[in-house]
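Per this note's numbering, residue 1 is the first one in the sequence shown, and the count goes up by one each step.
Cβ atoms here follow ideal geometry from the backbone N, Cα and C, with glycine treated the same way.
Since this is a predicted model, take the numbers as computed values, not measurements.
The structure appears below as structure tokens.
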Amino acid sequence: MPTLLHLDSSADLSTSRSRAITATFADTWRSLGADHIVVHRDLHREPLPHLTDAALHFPPRLRPKGASPSPEQEALQLQLIAELVAADVLLIGVPLYNYSMPSTLKAWIDYIHLPSVTAPLDDPTTQQPLAGRPAVLVSTRGGVYDTGTSTEFDDHAIPALRLILASALGMMLETIVATRTLCERFGAPADEVAKQHHELAAAHESAAEAARRLG
Numbered sequence: 001m002p003t004l005l006h007l008d009s010s011a012d013l014s015t016s017r018s019r020a021i022t023a024t025f026a027d028t029w030r031s032l033g034a035d036h037i038v039v040h041r042d043l044h045r046e047p048l049p050h051l052t053d054a055a056l057h058f059p060p061r062l063r064p065k066g067a068s069p070s071p072e073q074e075a076l077q078l079q080l081i082a083e084l085v086a087a088d089v090l091l092i093g094v095p096l097y098n099y100s101m102p103s104t105l106k107a108w109i110d111y112i113h114l115p116s117v118t119a120p121l122d123d124p125t126t127q128q129p130l131a132g133r134p135a136v137l138v139s140t141r142g143g144v145y146d147t148g149t150s151t152e153f154d155d156h157a158i159p160a161l162r163l164i165l166a167s168a169l170g171m172m173l174e175t176i177v178a179t180r181t182l183c184e185r186f187g188a189p190a191d192e193v194a195k196q197h198h199e200l201a202a203a204h205e206s207a208a209e210a211a212r213r214l215g
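And the structure:
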């Protein structure tokens, strides 16, 4: 059965654009048939504990001698990795918080990026189980980070996720972007508000199209 792992990380539970766009993707996925499963993990409503032991950055065979991380956190790490590996498609809502990803999403990354288990270390043929698997990032930003603008390189969320998910885990990454989400709140000019509405509508269309294509 085609399985979508859907992660939300926005702290805004009422007007979040990233939540709305990922919901469009997930709803379209469900509409493809009763066999299309959605596993939804809300990283804000049910935040993961941050790693309390650096040993969890490595599998048991690579840990320092005498390392004994919490059995509960080790079990959680294995559960999160199994959940990810079992998914056919990964969908993540990534609002830009202080030029980076929400800390709740970073905590998830710290659990699932495990050398020689999800990222290759000494045997690339067996240590990259997610190679070629689709991952869709829904990136929403209050400001503008378009190519050629003075803030072009101020987005430190998508580049970091690309490094982990695409370069390390080998996933096939695509990004759906909606910018200017704070235009109306801060009284931006009408043309900027219009651009925001256009981008938001296009993002919803892209999400639905991607769900149909990947499902």
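Burial state of residue i (16 or more Cβ within 10 Å)
{"i": "residue 53", "result": "exposed"}
{"i": "residue 146", "result": "exposed"}
{"i": "residue 159", "result": "exposed"}
{"i": "residue 248", "result": "This structure cannot settle anything about residue 248, because the visible part of the chain is limited to 1 through 215."}
{"i": "residue 93", "result": "buried"}
{"i": "residue 79", "result": "exposed"}
{"i": "residue 71", "result": "exposed"}
{"i": "residue 60", "result": "exposed"}
{"i": "residue 104", "result": "buried"}
{"i": "residue 157", "result": "buried"}
{"i": "residue 161", "result": "buried"}
Rounded C-alpha distance that separates residue i from residue j
{"i": "residue 177", "j": "residue 83", "result": "26 Å"}
{"i": "residue 19", "j": "residue 65", "result": "43 Å"}
{"i": "residue 110", "j": "residue 100", "result": "15 Å"}
{"i": "residue 12", "j": "residue 180", "result": "16 Å"}
{"i": "residue 42", "j": "residue 76", "result": "15 Å"}
{"i": "residue 45", "j": "residue 9", "result": "8 Å"}
{"i": "residue 90", "j": "residue 192", "result": "31 Å"}
{"i": "residue 143", "j": "residue 114", "result": "33 Å"}
{"i": "residue 49", "j": "residue 58", "result": "17 Å"}
{"i": "residue 185", "j": "residue 74", "result": "43 Å"}
Residue interval of the beta strand (DSSP E) (run including residue i)
{"i": "residue 159", "result": "Looking at the DSSP string, residue 159 is not in any beta strand (DSSP E); the run it does join, the alpha helix (DSSP H), is 158-161."}
{"i": "residue 175", "result": "172-178"}
{"i": "residue 37", "result": "37-42"}
{"i": "residue 135", "result": "134-140"}
{"i": "residue 122", "result": "Note, residue 122: premise wrong, no beta strand (DSSP E); not H, not E."}
{"i": "residue 3", "result": "3-8"}
{"i": "residue 93", "result": "89-95"}
Limits of the unbroken alpha helix (DSSP H) element including residue i
{"i": "residue 71", "result": "71-85"}
{"i": "residue 105", "result": "103-112"}
{"i": "residue 21", "result": "17-31"}
Beta-carbon spacing of residue i, residue j below 8 Å
{"i": "residue 7", "j": "residue 108", "result": "yes"}
{"i": "residue 47", "j": "residue 85", "result": "no"}
{"i": "residue 133", "j": "residue 96", "result": "no"}
{"i": "residue 3", "j": "residue 55", "result": "no"}
{"i": "residue 174", "j": "residue 136", "result": "yes"}
{"i": "residue 204", "j": "residue 21", "result": "yes"}
Could you check whether the region 166-174 touches the region 114-129, counting it as contact only if at least three pairs of C-beta atoms, one from each stretch, sit closer than 8 Å? Contact between the region 166-174 and the region 114-129 is present, because at least three Cβ pairs lie under 8 Å.
Indicate whether the contact test is met: 3 or more Cβ pairs, each with one atom in the region 199-209 and one in the region 21-31, closer than 8 Å. yes
Check whether the region 27-42 touches the region 57-74, taking contact to mean three or more Cβ pairs, one atom from each stretch, closer than 8 Å. no
The region 33-48 touching the region 118-138, judged by at least three CB pairs closer than 8 Å: no
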